[in-house]
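For the record, the sequence lines run as chains A and R. Following the working numbering, the numbering of the first sequence begins with 23 at its first residue and continues without gaps. Following the working numbering, the numbering of the second sequence begins with 23 at its first residue and continues without gaps. By construction, the Cβ of each residue, glycine as well, lies at the ideal position given by its N, Cα and C atoms. This structure is a prediction, so every number in the text was calculated from the model and none was measured. Have a look at the structure below, then the notes.
Number of protein chains: 2
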Amino acid sequence: MKATLMYGAGDVRVIDVPDPKLELPGDALVRVVRSCVCGSDLHPYHSMASDPAGSTMGHEFIGVVEEVGADVTSVAVGDFVIAPFAISCGECVFCRAGLQTSCLRGGFWNDAELGAAGGQAQAVRVPLADGTLVKVPVDENAPDDLLASLLTLSDVYGTGWHAAVRGGVTRGSSVTVIGDGAVGLLAVLSARQLGAEQIVLMGRHEVRTDLGREFGATDVVAERGEDGIDKVRELTGGLGSEIVLEAVGHRPAYDQAVGVVRPGGVISRVGVPQYDEAPVGFGSLFGPNVTLTGGPAPVRAYIDRLLPAVLDGTVVPGRVFDRTVALDETPSAYAAMDAREALKVMVRP
Amino acid sequence: MKATLMYGAGDVRVIDVPDPKLELPGDALVRVVRSCVCGSDLHPYHSMASDPAGSTMGHEFIGVVEEVGADVTSVAVGDFVIAPFAISCGECVFCRAGLQTSCLRGGFWNDAELGAAGGQAQAVRVPLADGTLVKVPVDENAPDDLLASLLTLSDVYGTGWHAAVRGGVTRGSSVTVIGDGAVGLLAVLSARQLGAEQIVLMGRHEVRTDLGREFGATDVVAERGEDGIDKVRELTGGLGSEIVLEAVGHRPAYDQAVGVVRPGGVISRVGVPQYDEAPVGFGSLFGPNVTLTGGPAPVRAYIDRLLPAVLDGTVVPGRVFDRTVALDETPSAYAAMDAREALKVMVRP
């Protein structure tokens with residue numbers, strides 16, 4: 023079958039690889055119906071050291087179960103499934119607590135130890151299938167729009183939702199979202215669904231911020247740095263936002279979050295931090311009693327909650343996809359997202 | 023009158039200063055009945071640059087109202103009052119939200135702009151008296167033990183309570199408290215009051231950890247660094263503590279908190295950070311979805327909740343005081359706490 027591998031910064035190739043097969047009784051084989059490229063895939067696209075062996079890519083996919091191991095009980099051949107970006111057992115203390123990203127037995131796609139390759143491929147072996155896959159009552163002939171929205175439940179929508187939930191967004195909240203990528207826009211949608219009254223979206227790509235307005239942003243701030251902070255403070259009566267959802271992951275976004283958050287407020291991060299240390303002292307978080315929270319989203323825990331509105335069309339998170347390519351063209355998807363010509367690219371195997 | 027000033031590292035003197043007097047209609051004059059030295063006073067005691075003008079010291083005191091300005095309505099001459107370590111108006115958005123440490127008009131003792139001197143003195147001018155002072159139904163002839171416990175409500179007890187509340191301690195919680203100073207010990211007491219099931223106290227001073235056990239610690243870990251982390255993990259089934267209360271403020275304590283917290287858990291800091299930056303990236307906070315919270319405690323918000331059990335003797339937080347000195351001897355109190363000969367020293371003007 024065909025699969026996408028990265029061999030170094032800027033070097034993505036679609037090559038022939040052996041077909042995946044069941045290895046353990048808890049495995050399932052899933053034929054991929056749609057996958058996509060994530061903003062976080064661009065981090066290795068910028069920085070990966072050259073590696074002749076390559077890494078399989080992709081951690082977001084939906085598909086059809088083709089085969090299951092003897093122990094698998096929750097999905098069967100022919101089921102249409104969403105694969106969250108974390109592989110999880112469903113049974114350990116963290117899975118039971120809804121924190122599948124910290125599963126004691128699980129891991130992530132392209133995990134050598136679990137033998138789980140990436141989802142930008144024609145098929146994937148899914149370890150711990152019962153704890154990982156979520157069966158959805160549709161089939162692969164569902165409308166493209168619906169498939170796109172279901173695909174967002176494998177990562178970006180659940181990640182935006184996680185930001186909002188961890189941030190404590192509730193009816194009447196004042197929220198600032200930093201970042202107009204797919205996650206930022208879906209953090210806007212999530213904040214709106216949770217009842218936020220004011221949602222300031224910080225972003226400078228007008229096509230994206232326009233979609234953000236449709237998702238529920240009440241204000242858009244294109245300025246960055248001190249100017250951006252001043253603007254948000256102006257929009258929030260000089261006080262700053264009660265809740266800041268940080269969906270970028272670079273240090274300037276962290277600093278911006280600290281700049282716009284209200285004393286006693288919350289910064290909820292879901293952008294994977296590309297830094298190790300950051301200010302947490304008296305002048306940043308401690309003095310104003312600001313809470314810093316967030317992390318990789320346990321999207322598995324949110325799918326039941328988010329699915330109904332996706333299925334009935336109340337929300338259309340799949341609108342974050344603005345381009346679709348064939349699997350062979352996946353390298354062009356990376357290039358287009360890197361050049362910001364595309365917001366998020368879907369891959370059709 | 024006499025007041026305590028610091029002129030540089032290790033240089034504390036009690037000198038004669040002009041008597042304070044009312045300056046604004048919202049002021050009160052309080053004659054100090056008891057004050058004390060705080061662990062945080064030791065930070066400038068170690069590092070303050072020499073200053074011939076000196077800084078008045080002390081931010082914890084209880085006393086009797088001697089005079090009030092024309093606008094003061096909540097306290098009257100003769101009232102016995104607790105002065106929280108933050109001066110607050112009681113009316114702004116943050117005071118109404120119970121975050122008096124971020125009061126838009128307030129500040130702290132020894133604040134030049136507010137003209138509020140320190141509490142290690144015979145008397146203090148209290149700006150914003152209505153929002154700041156809390157009247158208590160006792161008088162200065164109350165038993166020494168009760169006065170000591172009331173004095174802890176001006177800072178250390180409320181600060182330990184803040185750690186526990188911000189950490190989300192509730193019935194059945196697994197908690198680790200880092201630091202066996204007065205705040206750490208009162209964080210233990212607070213966690214116990216809030217129903218924590220397991221309270222691991224990390225500290226190596228046996229007299230203090232013994233008091234910690236009496237306050238409710240179920241386990242004591244004397245080891246530090248990796249050994250201490252291993253020990254806490256052992257005591258928590260390998261998972262770490264759900265909630266870590268950090269009551270020290272130095273970087274090693276932060277690192278220890280990161281080491282012992284469970285994925286999905288909370289680090290609640292009340293030790294004033296003596297560092298600016300610290301790890302917050304994938305390997306520390308983000309990956310395991312750890313929340314970092316805390317800050318200076320709005321103790322004013324907690325006094326009503328904590329006072330009844332202090333008045334009826336159910337809890338005796340004043341046990342953290344293990345020495346009392348006269349005002350003239352305040353320099354010796356700093357020296358004794360710095361040498362760890364005393365846990366916390368009360369000052370009797």
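Runs of the beta strand (DSSP E) lying entirely within the segment 47 to 124 of chain A and spanning at least 3 residues, in chain order: 50 to 58, 83 to 90, 102 to 105.
With a beta-carbon spacing of about 6 Å, Trp183(R) and Leu328(R) fall inside the 8 Å limit used to define contacts.
Near chain A, meaning a CB-to-CB distance below 9 Å, the residues of the segment 306 to 337 of chain R are Ser306, Leu307, Phe308, Gly309, Pro310, Asn311, Val312, Thr313, Leu314, Thr315, Gly316, Gly317, Pro318, Ala319, Pro320. The three-state secondary structure of Asp161(A), taken from DSSP, is coil.
Residues of the same chain with a CB within less than 7 Å of the CB of Asp360(A), apart from the 5 flanking positions on each side, are Leu64, Tyr67 in chain order. With contacts defined by Cβ atoms closer than 8 Å, Val160(A) and Phe102(A) form a contacting pair. Below 8 Å, too few C-beta pairs join the segment 245 to 262 of chain R and the segment 142 to 150 of chain R to call them touching: fewer than three. Ala319(R) and Thr181(R) do touch by the CB rule: their CB atoms are close to 4 Å apart, below 8 Å.
Three or more Cβ pairs closer than 8 Å define a contact, and the segment 333 to 346 of chain R falls short of that threshold against the segment 294 to 305 of chain R. Under DSSP, Met28(R) shares a beta bridge with Val34(R), Ser77(R). Residue pairing by DSSP places Pro301(A) opposite Glu299(R) in a beta bridge. For the options Met23(R), Pro371(R), Glu162(R), Val321(R), the alpha carbon positioned closest to that of Tyr179(R) is the one of Val321(R). DSSP lists no bridge partner for Met23(A). Counting only the Cα atoms, Gly30(R) lies some 31 Å from Ser171(R). DSSP places Thr313(R) within a strand segment (E or B) once states are collapsed to three.
Pro42(R) counts as buried, since at least 16 other C-beta atoms from the protein chains shown sit within 10 angstroms of its C-beta. Counting only Cβ-Cβ distances below 9 Å, Glu363(A) has no contacts in chain R at all, with the closest Cβ about 28 Å away.
Taking one beta carbon from each stretch, the segment 274 to 283 of chain R and the segment 271 to 287 of chain A have fewer than 3 pairs nearer than 8 Å; the two do not touch.
By a beta-carbon distance limit of 8 Å, Val55(A) contacts Leu169(A). Their separation comes to about 7 Å. Residues Gly61 of the same chain have their beta carbon placed closer than 6 Å to that of Gly203(R), with the five preceding and five following residues left out of the count. Residues of chain R whose Cβ lies closer than 7 Å to the Cβ of Ala300(A) are, in chain order, Glu299, Val302.
Only exposed fits Pro165(A), as fewer than 16 other CB atoms lie within 10 angstroms of its CB. For the options Arg193(R), Gly80(R), Tyr356(R), Pro274(R), the alpha carbon positioned closest to that of Glu299(R) is the one of Pro274(R). Boundaries of the beta strand (DSSP E) around Thr198(R): 196 to 200. With respect to Ile104(R), Ser176(R) sits close: the two C-beta atoms are nearer than 8 Å. From the beta-carbon of Arg291(A), the residues of chain R found nearer than 7 Å are Phe308.
With a 10 Å radius around the Cβ and a threshold of 16 neighbouring Cβ atoms, Gly80(R) comes out buried. Counting along the chain, Ala138(A) sits inside no beta strand (DSSP E), nor does DSSP assign it H or E at all. Within the DSSP secondary-structure output, Ile221(A) pairs in a beta bridge with Val197(A). Three or more beta-carbon pairs separated by less than 8 Å are not found between the segment 212 to 220 of chain R and the segment 244 to 251 of chain R, which leaves the two stretches without contact.
Straight-line spacing of the CA atoms in Gly120(R) and Lys366(R) works out to 27 Å. Against Leu121(A), the close residues of chain R are Pro285, Gly286, Asn311, in the order they occur along the chain (beta-carbon pairs closer than 7 Å). As DSSP reads the structure, Thr154(R) sits in no beta bridge. Assignment of Leu267(R) by DSSP, reduced to helix, strand and coil, places it in the strand class.
Within the same chain, Cβ atoms closer than 7 Å to the Cβ of Cys117(R) are found at Ser110, Cys111, Cys125, Gly153, the five residues on either side in sequence being excluded.
Residue pairing by DSSP places Val367(R) opposite Arg345(R) in a beta bridge.
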